[in-house]
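Since the structure comes first, as structure tokens, the remarks are kept for the end.
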Amino acid sequence: MNRRSKAFILVVGTAATKSQLPASAFQFPPSTGSLEVPCTSARKWTSTSFLVASLSRRALIGSTLAIPSLLVPSTLPTDSSFANALSNDGDNAPSNTPPMASPAILAAVQRLWDLDSNRLTPGVHYTIDVQGGKRPYGKPMDAASRPLFLNVDPDVFRRPTYGAFASLLDNYAAETNTTEVVTAKEMVEEKIFINAIMETAPMQFCHAFCRSENPEKVPASPDEFSNLLRQLWSGLYKRTKGGVADSCGFEHVFVGETRDEGREVTGFHNWIRFYMEERRGALDYRGYIKPKHDYDAMTDGNDQVLTLQFQWNGAEKLVGTSFVGVSPEFEISLFTTCFLVGQKQNVVQLKTCTDTFDLNVKCFPIAKGKIGSSFVEELGHSEAGGLCSSAVKKVFK
13 MNRRSKAFIL VVGTAATKSQ LPASAFQFPP STGSLEVPCT SARKWTSTSF
63 LVASLSRRAL IGSTLAIPSL LVPSTLPTDS SFANALSNDG DNAPSNTPPM
113 ASPAILAAVQ RLWDLDSNRL TPGVHYTIDV QGGKRPYGKP MDAASRPLFL
163 NVDPDVFRRP TYGAFASLLD NYAAETNTTE VVTAKEMVEE KIFINAIMET
213 APMQFCHAFC RSENPEKVPA SPDEFSNLLR QLWSGLYKRT KGGVADSCGF
263 EHVFVGETRD EGREVTGFHN WIRFYMEERR GALDYRGYIK PKHDYDAMTD
313 GNDQVLTLQF QWNGAEKLVG TSFVGVSPEF EISLFTTCFL VGQKQNVVQL
363 KTCTDTFDLN VKCFPIAKGK IGSSFVEELG HSEAGGLCSS AVKKVFK
């Protein structure tokens, strides 16, 4: 373990006890009760709406604390407070300390991860070289002399959802305020991709869960839900006031955009896009962003959530967080779930095979309900993972 001598803990919100968490995929707990907090990671919160205690982390690791429910803020900033940020880039939207996500969302996020059988294994399907860490701002420096990705198994892109996803990446103009023209071929590619991901367990869970949480907004028919996905992710809108139809959720989140005459990258939160652009020489990885706290685990090649810095065609991305090795259907299902039935900010804990990540899944609407931006912010990180197969465990020894 790295640098974990002490921590400021504890965030407490309205939640359910562990015994109330779902026993199956579609049983969701009530939103009242007490919260049992597994002490595998910690986070410092400054809001007076949260209970904060300074404790020795060593004394708490492996234990569980039962905390009674407290009143916490139930509202987040209104759409208007995000308007300026969204007109530029959702990544820069305000990040006030939000409450923990609802128990149902907490359980759903982990369930989506567990259902992602199409996810890649670090050291087996791909290898990354994280190299040097850096602070996000200040004097520019390149902390990585080599590419992030050493290799990715080419057979990965023969998988239906990976291949369909990759076919969409060249359908967009990067610079904002440049009108997007959607061809008949591109519309077919979008349909193929949606059809492919709708055959997977994460997307089927996403549909069922969102329908159970909001039946008025989410249609029961898989075909109608597919149409809703197209509206959310592919529907064009104006990213700047008075501009042209130059953007959509898919382009911003997964493909990336530039602004300020190509000097700044916005969006671009997808590892497949990163790998492909790095491979063709258009992207320069400049190092990972160092953990916020001295008790966080250090970044390494097994991490499947990375916060990093890069240049893309000369444009700067000072801070960007991406999953690594996850399937396209996992990311679409995660962001769609939080967008449709979560909040603008959804604080969750995600257990991967080797690590536990405290994440804020951010979802910002634009243009009457389309996805303006969606991405994760890493709040904390420990090297205490969830369950994985014995074959996978051998890889990490």
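Numbering follows my numbering, with no gaps: position 275 of the sequence shown is 287. Cβ coordinates follow ideal geometry from the N, Cα and C atoms, glycine included.
Can you tell me which residues form a DSSP beta bridge with residue i?
{"i": "Q361", "result": "D370"}
{"i": "C375", "result": "S386"}
{"i": "L318", "result": "S334"}
{"i": "A257", "result": "K250"}
{"i": "Y307", "result": "The partner list for Y307 (beta bridge, DSSP) is empty, contrary to what the question assumes."}
{"i": "D296", "result": "Q323"}
{"i": "F161", "result": "I140"}
{"i": "K410", "result": "Residue 410 cannot be examined here, being either before or after the span of the chain that is shown, 13 to 409."}
{"i": "S394", "result": "T368"}
{"i": "I284", "result": "Looking at the DSSP assignment, I284 forms no beta bridge with any residue, so it has no partner."}
{"i": "G145", "result": "Y300"}
{"i": "R271", "result": "E276"}
{"i": "E236", "result": "According to DSSP, E236 bridges with nothing at all."}
{"i": "P134", "result": "Y138"}
{"i": "K329", "result": "F322"}
CB residue i to CB residue j, shorter than 8 Å?
{"i": "D128", "j": "F342", "result": "yes"}
{"i": "T188", "j": "E269", "result": "yes"}
{"i": "R298", "j": "D154", "result": "yes"}
{"i": "N207", "j": "L352", "result": "no"}
{"i": "V121", "j": "V360", "result": "yes"}
{"i": "S339", "j": "C218", "result": "no"}
{"i": "V265", "j": "W324", "result": "no"}
{"i": "K329", "j": "L244", "result": "no"}
{"i": "G145", "j": "T311", "result": "yes"}
{"i": "Y184", "j": "V267", "result": "yes"}
Considering only residues of the same chain and omitting the five flanking positions on each side of residue i, which have a CB-CB separation below 6 Å?
{"i": "T319", "result": "I301, T333 and E390"}
{"i": "L83", "result": "Residue confidence is low: L83 scores 26 on pLDDT, short of 50, so the model does not pin down where it sits. Its coordinate-derived value is still stated next. Within the same chain, L83 has no close Cβ partners at all."}
{"i": "I117", "result": "G354 and N358"}
{"i": "P231", "result": "F237"}
{"i": "V336", "result": "W283, Q316 and L318"}
{"i": "A186", "result": "E269 and T270"}
{"i": "L162", "result": "T139 and D141"}
{"i": "D167", "result": "none"}
{"i": "L132", "result": "Y138 and G337"}
Could you name the residues of the same chain whose beta carbon sits closer than 8 Å to that of residue i, not counting the 5 residues immediately before and after it, in chain order?
{"i": "R147", "result": "I301 and K302"}
{"i": "L124", "result": "P214, F217, C218, F342, S345, L346 and T349"}
{"i": "G254", "result": "none"}
{"i": "S179", "result": "E201, I204 and F205"}
{"i": "A35", "result": "Unreliable placement is indicated for A35, whose pLDDT of 39 sits below 50; the coordinate value is still reported in the next sentence. Cβ within range, chain order: n/a, list empty."}
{"i": "R285", "result": "L181, F266, V267 and G268"}
Step through the CB atoms of chain C and report whether any lies within less than 8 Å of the CB of residue i.
{"i": "L240", "result": "Structure shown: chain C not included; a single protein chain is present."}
With a threshold of 7 Å on Cβ separation, who are the neighbours of residue i within its own chain once the five nearest residues in sequence on each side are excluded?
{"i": "A327", "result": "T270, G274, R275, E276 and V277"}
{"i": "S246", "result": "E202, C260 and F262"}
{"i": "L88", "result": "Because the pLDDT at L88 is just 31, under 50, the model does not fix this residue reliably, and the value given afterwards should be weighed accordingly. Excluding positions up to five away in sequence, the list reads P110, Q355, K356 and Q357."}
{"i": "N130", "result": "R171, T173, T212, S339 and E341"}
{"i": "A156", "result": "Q143, G144, Y297, R298 and G299"}
{"i": "R158", "result": "D141 and Q143"}
Any contact between the segment 311-328 and the segment 200-214? By contact I mean 3 or more CB pairs, one from each, below 8 Å. no
Along the chain, which unbroken stretches of the beta strand (DSSP E) at least 3 residues long are found entirely within the segment 148-233? 161-164
Would you check if the segment 286-294 and the segment 225-239 touch, i.e. whether three or more CB-CB distances between them fall below 8 Å? no
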